[in-house]
Ligand code: ADP
Ligand code: MG
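Numbering (my numbering), first residue to last: 220 to 582.
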């Protein structure tokens, strides 16, 4: 329910457009999709908007079928149940496994899809929340930190991967970003001039608004996650992804303590880095062809890293990138600051009533 509220809130802002003049004769289709444990809102524009919106839904449902951990027939479930045997994977899962391997390396291990057994031990897979014992976590961490999955191996014209016994993968940290990348292709195929796609914290601002101004994407205030229209600030974006990870998106409380769903693979505990949310922003041309997936992986990983490490990571990537910076950041800190990287300074407006102080990272 919490996720639903946040999603609808963001979407309301996108659609209301903060006073935008909507072109009266531009066709528009808006559909809500409940998939990947998330309330999603797909809004497409132009002559082919209904067909495009439903094709986006089909793409999401198709991916969910392949990637769900709770559907025993999904490819991911078959791989997780394979007890060391090689399993044939389709193109999407194959691409995701390779991307996840890359992000694991680039983030120094913070992003790790092999964290699945630990996510389950906390009850986040089946909504049966509990605090695991240290002994249990110690045992599971050996599986998480041990050798990764093996593949791709070609066998009789098919691609196979295998996991070590007891290992499992969880694509919850990138599946929606990858879905958003696929949606871009669907929108292009349908010649959609503009769209806004909200996959619950993963926003795709495609094209611009009907009046030619950028889409406005609200960044939820993590301290007021249950309140309507409680934003830390608003981003003005065109042809971009903005993906937010935060401990407020999914959590339970026990003994007066809050435990959320983003796990630090070095401890097995929910990350406690001083950040309350991380938003990663990238243009449609970035991320080596998978900008949405990259934003999703990095928002999860940088939330675990904390401010100092996240900014060092951003700086390294800025210097490495050949075509300028591949991504920008909005960090919300526990001590009441919103930290934005310099290129976002003129695209981010702090919500005055939020009480946060805005800091722009020196270039
Ligand atoms: P959300 O799915 O709420 O938008 P994230 O993209 O940050 O948020 O993904 C969190 C999900 O990723 C968790 O629910 C879990 O399935 C998975 N996950 C948790 N910790 C990690 C991690 N360290 N690396 C990769 N995936 C993780
Ligand atoms: Mg993520």
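Every residue gets a Cβ at the ideal spot worked out from N, C-alpha and C, and that includes glycine.
With contact counted as at least three CB pairs below 8 Å, one residue from each stretch, are the region 396-411 and the region 291-306 in contact?
no
Taking only the alpha-carbon atoms, compute the straight-line gap between residue 505 and residue 548 and give it to the nearest angstrom.
Position 286 of the chain shown, counting from 1, holds the residue named residue 505. Position 329 of the chain shown, counting from 1, holds the residue named residue 548. In a straight line, the C-alpha of residue 505 is about 14 Å away from that of residue 548.
Should residue 464 be counted as a contact of the ligand ADP given a C-beta to heavy atom distance under 7 Å?
The residue labelled residue 464 in the question sits at position 245 within the chain shown. Checking the Cβ of residue 464 against the ligand ADP gives yes.
In whole angstroms, give me the CA-to-CA distance for residue 454 and residue 563.
Working through the chain shown from its first residue, we reach residue 454 at position 235. Working through the chain shown from its first residue, we reach residue 563 at position 344. The straight-line gap from Cα to Cα measures roughly 8 Å.
Proximal residues to residue 325 (C-beta, below 6 Å), its chain only, five neighbours per side dropped
In the chain shown, counting from the first residue as 1, residue 325 sits at position 106. If we look at residue 325 and ignore the five residues flanking it on each side, it has no Cβ neighbours.
For residue 419, does the count of other Cβ atoms within 10 angstroms reach 16, so buried, or fall short, so exposed?
Translated into the one-based positions of the chain shown, residue 419 becomes position 200. Per the 10 Å Cβ criterion, buried.
Beta-carbon within less than 7 Å of residue 384's beta-carbon, same chain only, minus the 5 sequence neighbours each way: which residues are those?
Residue 384 sits at position 165 when you count from the first residue of the chain shown. The residues are 302 and 303.
Should the region 277-285 be called in touch with the region 445-464, which here means at least 3 C-beta pairs below 8 Å?
no
Is any heavy atom in the ligand MG found nearer than 7 Å to the beta carbon of residue 515?
Start at 1 with the first residue of the chain shown, and residue 515 comes out as number 296. Yes, the ligand MG has a heavy atom inside 7 Å of this Cβ.
Would you call the region 321-338 and the region 355-372 touching, i.e. three or more CB-CB distances under 8 Å?
yes
For residue 338, name the three-state secondary structure that DSSP assigns.
Here residue 338 refers to the residue found at position 119 of the chain shown. It is helical.
Beta-carbon separation (whole angstroms), residue 356 vs residue 337, contact threshold 8 Å
Locating residue 356 in the chain shown gives position 137, counting from the first residue. Locating residue 337 in the chain shown gives position 118, counting from the first residue. So it is a contact: roughly 7 Å between Cβ atoms.
Looking at the structure shown, is residue 230 part of a helix, part of a strand, or coil, going by DSSP?
Position 11 of the chain shown, counted from the start, is the residue given in the question as residue 230. With a pLDDT of 42 at residue 230, under the threshold of 50, the predicted position of this residue should be treated as unreliable, though the coordinate-derived value follows. DSSP places residue 230 in helix when its eight states are reduced to three.
Heavy atom of the ligand MG within 7 Å of residue 459 beta-carbon:
Position 240 of the chain shown, counted from the first residue, corresponds to residue 459. False, no ligand heavy atom lies under 7 Å from that Cβ.
Of all the options 269, 276 and 247, which has the alpha carbon lying nearest to the alpha carbon of residue 253?
Counted from its first residue, the chain shown places residue 253 at position 34. Cα-wise, what sits closest to residue 253 is 276.
Assigned exposure category for residue 349 - 16 Cβ within 10 Å defines buried
For the purposes of this step, residue 349 is taken as the residue at position 130 of the chain shown. Its Cβ having fewer than 16 others within 10 Å, residue 349 is exposed.
Do residue 329 and the ligand ADP come close, with the Cβ less than 7 Å from some heavy atom?
Residue numbering aside, residue 329 sits at position 110 when the chain shown is read from its first letter. Checking the Cβ of residue 329 against the ligand ADP gives yes.
Going by CA-CA distance only, name the one from 255, 566 and 517 that's closest to residue 320.
Taking the first residue of the chain shown as 1, we reach residue 320 at position 101. Nearest option by C-alpha distance: 517.
Which of helix, strand or coil does DSSP assign to residue 486?
By one-based count along the chain shown, residue 486 stands at place 267. The answer is coil: DSSP assigns residue 486 none of H, G, I, E or B.
How long is the line joining the alpha carbons of residue 473 and residue 290, rounded to whole angstroms?
Locating residue 473 in the chain shown gives position 254, counting from the first residue. Locating residue 290 in the chain shown gives position 71, counting from the first residue. Taking the straight line from one Cα to the other gives about 28 Å.
The ligand MG heavy atom lying under 7 Å from the CB of residue 339:
In the chain shown, the residue the question calls residue 339 occupies position 120. It does not: the Cβ of residue 339 is nowhere closer than 7 Å to a heavy atom of the ligand MG.
Would a C-beta distance cut-off of 8 Å place residue 497 and residue 449 closer than the cut-off?
On the chain shown, position 278 is the one that residue 497 refers to. On the chain shown, position 230 is the one that residue 449 refers to. No.
Assuming residue 421 and residue 508 make a contact with CB atoms under 8 Å, what is their CB distance in whole Å?
Along the chain shown, one-based indexing puts residue 421 at 202. Along the chain shown, one-based indexing puts residue 508 at 289. Between residue 508 and residue 421 the Cβ distance is about 17 Å, and since that is not below 8 Å, they are no contact.
CA-to-CA distance, residue 470 to residue 340, given in whole angstroms:
Counted from its first residue, the chain shown places residue 340 at position 121. Counted from its first residue, the chain shown places residue 470 at position 251. Whole-angstrom Cα-Cα distance: 14 Å.
Based on the DSSP secondary-structure assignment, which residues constitute the bridge partners of residue 343?
Reading the chain shown from its first residue, position 124 is the one you call residue 343. Its beta-bridge partners do not exist; DSSP assigns none.
Which residues DSSP lists as bridging residue 500, in chain order:
The residue you call residue 500 lines up with position 281 of the chain shown. The partner list for residue 500 (beta bridge, DSSP) reads 461 and 547.
Out of curiosity, what's the CA-to-CA distance linking residue 578 and residue 557?
Residue 578 sits at position 359 when you count from the first residue of the chain shown. Residue 557 sits at position 338 when you count from the first residue of the chain shown. Near 6 Å, if we compare the C-alpha coordinates of residue 557 and residue 578.
At 4 residues or longer, and completely inside the region 354-429: list those alpha helix (DSSP H) runs for me, N to C.
394-408
Please find out if some non-hydrogen atom of the ligand ADP comes closer than 7 Å to the beta-carbon of residue 496.
Reading the chain shown from its first residue, position 277 is the one you call residue 496. For the ligand ADP, not one heavy atom lies less than 7 Å from the Cβ of residue 496.
Report the rounded CA-to-CA distance for residue 293 versus residue 300, giving the unit in angstroms.
To locate residue 293, count along the chain shown from 1; it is residue 74. To locate residue 300, count along the chain shown from 1; it is residue 81. Each residue's alpha carbon lies about 11 Å from the other.
Give me the Cα-Cα distance between residue 278 and residue 403, rounded to the nearest whole angstrom.
On the chain shown, residue 278 is found 59 positions in, with the first residue counted as 1. On the chain shown, residue 403 is found 184 positions in, with the first residue counted as 1. Whole-angstrom Cα-Cα distance: 11 Å.
How long is the line joining the alpha carbons of residue 374 and residue 439, rounded to whole angstroms?
Numbered from its first residue, the chain shown carries residue 374 at position 155. Numbered from its first residue, the chain shown carries residue 439 at position 220. Spanning the two alpha carbons is a distance of roughly 47 Å.
Cβ-Cβ distance between residue 248 and residue 263 below 8 Å:
Position 29 of the chain shown, counted from the first residue, corresponds to residue 248. Position 44 of the chain shown, counted from the first residue, corresponds to residue 263. Yes. Within cutoff.
Taking the continuous beta strand (DSSP E) assigned at residue 248, which residues delimit it?
The residue you call residue 248 lines up with position 29 of the chain shown. Segment 247-254, the beta strand (DSSP E) holding residue 248.
Between residue 261 and the ligand MG, is there a pair consisting of the residue's CB and a ligand heavy atom that are separated by less than 7 Å?
Reading the chain shown from its first residue, position 42 is the one you call residue 261. Residue 261: no, Cβ never under 7 Å from the ligand MG.
Is residue 478 helix, strand or coil when you go by DSSP?
In the chain shown, counting from the first residue as 1, residue 478 sits at position 259. The answer is strand: DSSP assigns residue 478 an E or B state.
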